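In what follows, a structure is listed as structure tokens, so that the remarks can point back to it.
Residue numbers (our numbering): 28 to 214.
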């Protein structure tokens, strides 16, 4: 982003913004706040000496409780929002409609809460998402179906942040494949 000035964005006075993210294509900027709303702006300009302009695009009433995190997918086609309402919602950036809702809400009537969904991270191909939550688990989900593929346990406290970088493993596989193409001595 190219800018020669500071711009203060206050979508809702008296409501804190908890997360801001810019999509990899630098087309959109999203922000979520403590009211559960997600605001999206188009990013225009910013080429050469041109100042980047923020143009309001949409307001998504994403969650009923605190929205904690927003993240765009690596291919810029999806936006995920995490919340204190025990959900991570995935929105299509083509029209900002809801695609999938990932929930850790309990089906057990005796269990009131599993905690907040604090953070999320998409896989490099945008097909999977990992979530972090207060119930001491990180979960790997299929974005399209909303199915939990794996749960990562062992944390003694809430998992409140995470990162997911599967490009390292792709580079390593390519490196190992290239190493295997040469001649090797029998040592």
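Beta carbons: idealized from backbone N, C-alpha and C, even for Gly. Keep in mind the model is a prediction, meaning the values are calculated, not measured.
Burial state of residue 41 (16 or more Cβ within 10 Å): One-based indexing of the chain shown puts residue 41 at position 14. By the Cβ neighbour-count rule, residue 41 is exposed, with fewer than 16 other Cβ atoms within 10 Å of its own.
Can you give the Cα-Cα distance for residue 71 and residue 183, rounded to whole angstroms? The sequence position of residue 71 within the chain shown is 44, counting from 1. The sequence position of residue 183 within the chain shown is 156, counting from 1. Approximately 45 Å between the Cα atoms of the pair.
Go through its chain and collect everything with a Cβ distance to residue 143's Cβ below 6 Å, but skip five positions before and after it. Translated into positions along the chain shown, residue 143 becomes position 116. 111, 161.
Figure out for me which residue from 180, 58, 166, 186 has the closest Cα to the Cα of residue 149. Along the chain shown, one-based indexing puts residue 149 at 122. If we check each option's Cα against that of residue 149, 166 comes out closest.
Return helix, strand or coil for residue 37, following the three-state DSSP convention. Against the chain shown, residue 37 aligns to sequence position 10. The DSSP-derived three-state label of residue 37 is coil.
Answer yes or no: do residue 130 and residue 114 have a C-beta to C-beta separation smaller than 8 Å? Against the chain shown, residue 130 aligns to sequence position 103. Against the chain shown, residue 114 aligns to sequence position 87. In this structure, residue 114 lies closer than 8 Å to residue 130 by Cβ.
What separation, rounded to the nearest whole angstrom, lies between the Cα atoms of residue 136 and residue 91? By 1-based counting over the chain shown, the position of residue 136 is 109. By 1-based counting over the chain shown, the position of residue 91 is 64. Looking at the two C-alpha atoms, the distance is approximately 20 Å.
So, using beta-carbon positions, are residue 95 and residue 56 closer together than 8 Å? The sequence position of residue 95 within the chain shown is 68, counting from 1. The sequence position of residue 56 within the chain shown is 29, counting from 1. Contact annotation: residue 95 and residue 56 have beta-carbon atoms that are not nearer than 8 Å.
Mapping the DSSP letters down to three states, classify residue 131 as helix, strand or coil. Within the chain shown, the letter at position 104 stands for residue 131. Residue state, collapsed to three classes: coil.
Can you give me the C-alpha to C-alpha distance between residue 36 and residue 192, rounded to a whole angstrom? Here the question's residue 36 lines up with position 9 in the chain shown. Here the question's residue 192 lines up with position 165 in the chain shown. The straight-line gap from Cα to Cα measures roughly 30 Å.
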